[in-house]
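Numbering (this note's numbering), first residue to last: 403 to 618.
So this is what it looks like as structure tokens:
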């Protein structure tokens, strides 16, 4: 099936490679911090400070990997379904580890198609990046098993809709997709695979991201 978005042209190997680069980028910092903490212990530094650094960084790495497994990974066989409760826990743990954003989750708990859950979590990442100084993200799920609608309201300081997300959704990307822009690209690709339409709007107080099932 030909894509409706002219920007969705990456081959399978390129998509896989860029997603792997994204995941590695997300975990390399906390893993590096664990190594720093161990080096501090080896040098006879402050044991309590070193252990705090190791514990915090290990938690951060674990949370990021668990999130990536749901948002980017297979998470079961092809065509499998996922409990939205897992997605809720992954999103909230991610925000707690980052220590700057509160996540509010509204909607029924349900077992839904894997790609819809992946879309929801990737849209969460897009919304998360729209409030770089932190704030709140309120997620609402309506009828997730059938004619699903997802809404994420972002509130915080210095809000802005991620530029690459706007470019890719509008079909007007000027530069090649790279490891930094692969995540919004994957979000748009998942929406198309799920038969859902993405939208966003912004005011001075909030940014709203939506994904709605498209009626055939």
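Glycine included, C-beta positions come from ideal geometry on N, C-alpha and C. Because the structure is a prediction, the values reported are computed rather than measured.
Check: Hey, does residue 577 have any beta-carbon neighbour from chain D nearer than 7 Å?; Outcome: In the structure shown, chain D does not exist; there is a single protein chain.
Check: Between the alpha carbons of residue 552 and residue 561, how many angstroms are there, rounded?; Outcome: 20 Å
Check: Helix, strand or coil for residue 517? Go by DSSP, reduced to three states.; Outcome: helix
Check: Pull up the distance between the alpha-carbon of residue 554 and that of residue 496, whole angstroms please.; Outcome: 16 Å
Check: What does DSSP give as the partner residue(s) for residue 611 in the beta ladder?; Outcome: 554, 602
Check: Using only alpha-carbon positions, find the residue among 453, 466, 557 that is nearest to residue 530.; Outcome: 557
Check: Mapping the DSSP letters down to three states, classify residue 532 as helix, strand or coil.; Outcome: coil
Check: Buried or exposed: residue 520, going by 16 or more other Cβ atoms within 10 Å of its Cβ?; Outcome: buried
Check: Can residue 596 and residue 471 be called in contact, C-beta distance under 7 Å?; Outcome: no
Check: For the beta strand (DSSP E) containing residue 545, list its first residue and its last residue.; Outcome: Careful: residue 545 lies outside any beta strand (DSSP E) and carries neither H nor E.
Check: Which same chain residues, not among the five before or five after residue 547, have their C-beta less than 7 Å away from its C-beta?; Outcome: 512, 514
Check: What are the start and end residues of the alpha helix (DSSP H) that includes residue 451?; Outcome: 449-473
Check: Near residue 486, which residues of its chain fall below 7 Å by C-beta distance, leaving aside the five closest residues on each side in sequence?; Outcome: 511, 512, 514, 519, 543, 546
Check: Taking the alpha carbon of residue 421 as the reference point, which residue from 593, 587, 604 has its own alpha carbon closest?; Outcome: 587
Check: Under the DSSP definition of a beta bridge, which residues are partnered with residue 537?; Outcome: 503, 558
Check: Does DSSP put residue 485 in a helix, in a strand, or in coil?; Outcome: strand
Check: For residue 407, name the three-state secondary structure that DSSP assigns.; Outcome: coil
Check: Just confirm the distance between the C-beta atoms of residue 524 and residue 499, as a whole number of angstroms; I'd bet it's less than 8 Å.; Outcome: Not quite, the Cβ-Cβ distance comes to about 18 Å (not below 8 Å), so this is no contact.
Check: In whole angstroms, what is the alpha-carbon distance linking residue 612 and residue 592?; Outcome: 13 Å
Check: Pull up the DSSP beta-bridge partners for residue 508, would you.; Outcome: 542
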